[in-house]
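So the structure is just underneath, and the comments pick up after that.
In my numbering, the protein residues as written are 6 to 251.
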């Protein structure tokens with residue numbers, strides 16, 4: 006079984022929250038999106054993408070990895086078409102990261118849960134296991150796909166004018182390239198989904214310390230992650246989803 010919690014916060018600088026997340030325990034589905042394209046466009050894109058994924062998975066006769074990928078493709082078309090129909094939404098798009106329980110696993114007498122993960126853009130999924138935090142997803146950004154392969158060091162990348170540029174986003178990219186991953190969650194393992202308002206501000210050590218605080222329940226961990234981001238200035242919206250296998 007999975008337990009979960011989530012929290013989304015506007016941050017300390019932005020006037021509105023373009024992030025959006027939803028948890029669907031009955032579907033074993035968890036979706037987070039970070040919209041872009043102006044106040045109305047960003048909010049609209051992130052909500053439309055998340056709601057589309059949930060709608061299509063909820064109606065699917067089989068909930069597997071292929072279903073998740075098709076749902077994200079459909080979300081891409083819906084956001085793209087809506088932006089084309091309404092001039093005030095032109096240029097809107099969104100990142101997205103989704104996790105979905107697909108199979109119950111048993112190995113050496115230990116039960117586990119297979120999780121399908123799909124991502125577009127720079128919203129991330131992390132695995133917290135045995136006290137260690139590991140990034141599962143890879144960002145689709147200029148930094149990771151162009152800058153780093155060019156040999157630019159971290160200091161140069163942090164200052165580069167292209168550092169915030171996405172190479173893929175829902176509602177903008179045709180065709181869409183979706184990154185897919187599959188992991189096993191054993192009892193006590195946690196999966197963290199986050200917008201870049203979190204991982205662009207806190208480093209892995211700070212995130213890991215909060216995730217590993219056994220005195221906090223999942224909701225308190227979400228609150229602590231957001232508060233730590235706010236303490237560091239919170240220049241962007243910040244959204245987190247935590248899933249733990251029982």
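Note that beta-carbon positions come from the ideal geometry of N, C-alpha and C, so glycine has one too.
Residue j beta carbon less than 8 Å from that of residue i
| i | j | result |
| --- | --- | --- |
| residue 173 | residue 125 | yes |
| residue 1 | residue 121 | The structure shown does not extend to residue 1, since the chain spans only 6 to 251, so no value can be given for it. |
| residue 192 | residue 106 | no |
| residue 198 | residue 37 | yes |
| residue 94 | residue 45 | yes |
| residue 254 | residue 27 | In the structure as shown, the chain starts at 6 and stops at 251, and residue 254 therefore has no counterpart that could be examined. |
| residue 181 | residue 78 | yes |
| residue 146 | residue 202 | no |
| residue 215 | residue 229 | yes |
| residue 40 | residue 23 | yes |
| residue 140 | residue 153 | no |
| residue 25 | residue 9 | no |
| residue 58 | residue 80 | yes |
Residue i to residue j span [Cα, whole Å]
| i | j | result |
| --- | --- | --- |
| residue 14 | residue 131 | 19 Å |
| residue 171 | residue 134 | 29 Å |
| residue 176 | residue 82 | 6 Å |
| residue 89 | residue 217 | 45 Å |
| residue 127 | residue 69 | 23 Å |
| residue 92 | residue 76 | 25 Å |
| residue 117 | residue 165 | 42 Å |
| residue 238 | residue 226 | 19 Å |
| residue 189 | residue 119 | 4 Å |
| residue 233 | residue 207 | 8 Å |
| residue 169 | residue 149 | 11 Å |
| residue 17 | residue 224 | 21 Å |
| residue 205 | residue 196 | 18 Å |
| residue 200 | residue 136 | 22 Å |
| residue 67 | residue 32 | 11 Å |
| residue 246 | residue 160 | 29 Å |
| residue 157 | residue 178 | 26 Å |
| residue 74 | residue 29 | 17 Å |
| residue 219 | residue 194 | 12 Å |
| residue 211 | residue 42 | 30 Å |
Own chain residues within Cβ distance below 6 Å of residue i, not counting five before or after
| i | result |
| --- | --- |
| residue 213 | 138 |
| residue 84 | 50, 53, 54, 175, 176 |
| residue 86 | none |
| residue 240 | 18 |
| residue 186 | 122, 141 |
Span of the beta strand (DSSP E) around residue i
| i | result |
| --- | --- |
| residue 76 | Per DSSP, residue 76 belongs to no beta strand (DSSP E); it is in the alpha helix (DSSP H), 70-90. |
| residue 11 | 7-14 |
| residue 156 | No beta strand (DSSP E) contains residue 156, which DSSP labels as neither H nor E. |
| residue 248 | 243-250 |
| residue 40 | 34-41 |
| residue 24 | 24-29 |
| residue 191 | 184-191 |
| residue 140 | 137-140 |
| residue 132 | 129-134 |
Residue i - containing alpha helix (DSSP H), residue span
| i | result |
| --- | --- |
| residue 224 | 223-236 |
| residue 201 | 201-204 |
| residue 210 | 209-216 |
Close beta carbons around residue i, own chain, < 7 Å, minus the five adjacent residues each side
| i | result |
| --- | --- |
| residue 72 | 62, 65 |
| residue 209 | 138 |
Sequence-distant residues of the same chain with beta carbon closer than 8 Å to residue i, five excluded per side
| i | result |
| --- | --- |
| residue 108 | 118, 119 |
| residue 184 | 123, 124, 125, 142, 143, 145 |
Distance cut-off 7 Å: residue i Cβ against heavy atoms of the ligand SAM
| i | result |
| --- | --- |
| residue 53 | With respect to the ligand SAM, the structure offers nothing, as it holds no ligand at all. |
Note to self: Does the contact criterion of 3 or more C-beta pairs under 8 Å hold for the stretch 91-105 versus the stretch 52-61?
What the structure shows: yes
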